[in-house]
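Let me begin by presenting the structure, written as structure tokens, before commenting on it.
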């Protein structure tokens, strides 16, 4: 079965600085990779996905993620963080061999002014 | 286009009772998945329904069940509630089954269940 790991429970960055939220995965087939964000008292919102093609994927709110097959990683990045980016971020993976969607434990991003 | 809606938003039950949660997917979406979110376990997949059939199931006991109606609306039932069932239950809809390429899920706001 597939799995996904987010090694950092918490990431703190200053506003205006670049941010990275890490994600690694394990699948038996081809990975379909996703990032979601959860704001307080709200459901998850889709940010971006990698299915195939260009390894650098651009998504909502200025976020992007880079698929690295050799390192089995899909790190989320943003060149310049905003205080409003503070939220809980989830990486998720589907294995092309089954229907399961597996989520990481989540990383709490805090952007300080 | 309206998003995924879940009712009720908040629910308080006591141990031993049963509960039914409802989810209405985005119009045109045929797949509905359910997740349990807790601080300790994170997001855990419960099951996925497509065309009124359960297509995939996570590792939860038989007390957790669900169904999907012909209009793609879905209900989730939990019987004989335990304290540990207290969680945020999230519903997500997608156009088709997860195995279809590019098939991201859209989540509802969740139902916060508290078991006393």
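Chains as they are written, first to last, in my numbering: chain A, 1 to 113; chain B, 1001 to 1116. Heads up, the beta-carbon is just placed ideally off N, CA and C, and yes, glycines get one too.
Considering only DSSP beta bridges, list what residue i is partnered with.
i                       : result
residue 69 of chain A   : Answer by DSSP bridge pairing: none, since residue 69 of chain A is not bridged.
residue 75 of chain A   : A:66
residue 1012 of chain B : B:1114
residue 46 of chain A   : A:36
residue 1037 of chain B : B:1043 and B:1088
residue 1054 of chain B : B:1049
residue 1094 of chain B : B:1031
Pick helix, strand or coil for residue i, following the three-state DSSP scheme.
i                       : result
residue 1083 of chain B : helix
residue 54 of chain A   : coil
residue 95 of chain A   : strand
residue 1004 of chain B : coil
residue 84 of chain A   : helix
residue 60 of chain A   : helix
residue 1059 of chain B : coil
residue 1 of chain A    : coil
residue 1069 of chain B : coil
residue 1027 of chain B : coil
residue 1088 of chain B : strand
residue 28 of chain A   : coil
Assuming residue i and residue j make a contact with CB atoms under 8 angstroms, what is their CB distance in whole Å?
i                       : j                       : result
residue 111 of chain A  : residue 13 of chain A   : 6 angstroms
residue 88 of chain A   : residue 104 of chain A  : Not confirmed; about 11 angstroms, so no contact.
residue 57 of chain A   : residue 49 of chain A   : 7 angstroms
residue 1090 of chain B : residue 1035 of chain B : 4 angstroms
residue 1063 of chain B : residue 1086 of chain B : Between residue 1086 of chain B and residue 1063 of chain B the Cβ distance is about 14 angstroms, and since that is not below 8 angstroms, they are no contact.
residue 1047 of chain B : residue 1057 of chain B : 5 angstroms
residue 19 of chain A   : residue 109 of chain A  : 7 angstroms
Span of the beta strand (DSSP E) holding residue i?
i                       : result
residue 23 of chain A   : Here residue 23 of chain A belongs to no beta strand (DSSP E), and DSSP marks it neither H nor E.
residue 102 of chain A  : 101-103
residue 33 of chain A   : 31-38
residue 1104 of chain B : Where residue 1104 of chain B is concerned, there is no enclosing beta strand (DSSP E), given that its DSSP letter is neither H nor E.
residue 1075 of chain B : 1074-1078
residue 1042 of chain B : 1042-1050
residue 10 of chain A   : 10-14
residue 109 of chain A  : 107-112
(message) Any C-beta of chain B within less than 8 angstroms: which residues of the stretch 42-61 of chain A qualify?
(response) Within the stretch 42-61 of chain A, 42, 43, 44, 45, 46, 49, 51 and 52 place their CB atoms closer than 8 angstroms to a CB of chain B, listed in sequence order.
(request) Mind checking the stretch 1010-1032 of chain B against chain A and listing, in chain order, the residues whose C-beta falls within less than 7 angstroms of any C-beta there? (result) From the stretch 1010-1032 of chain B, no residue has a Cβ closer than 7 angstroms to chain A.
(request) For the stretch 1034-1052 of chain B, enumerate the residues whose C-beta is nearer than 7 angstroms to any C-beta of chain A, in chain order. (result) Only 1042, 1043, 1045 and 1048 from the stretch 1034-1052 of chain B bring a Cβ to less than 7 angstroms from some Cβ of chain A.
(request) Residues of the stretch 72-95 of chain A with a CB closer than 7 angstroms to any CB of chain B: list them in chain order, please. (result) Contacts with chain B (Cβ-Cβ distance below 7 angstroms) from the stretch 72-95 of chain A involve 90 and 94, listed in chain order.
(request) Could you run through the stretch 100-111 of chain A and flag, in chain order, every residue whose CB is less than 9 angstroms away from some CB of chain B? (result) Here the close residues are 100, 101, 102, 103, 104, 105 and 106.
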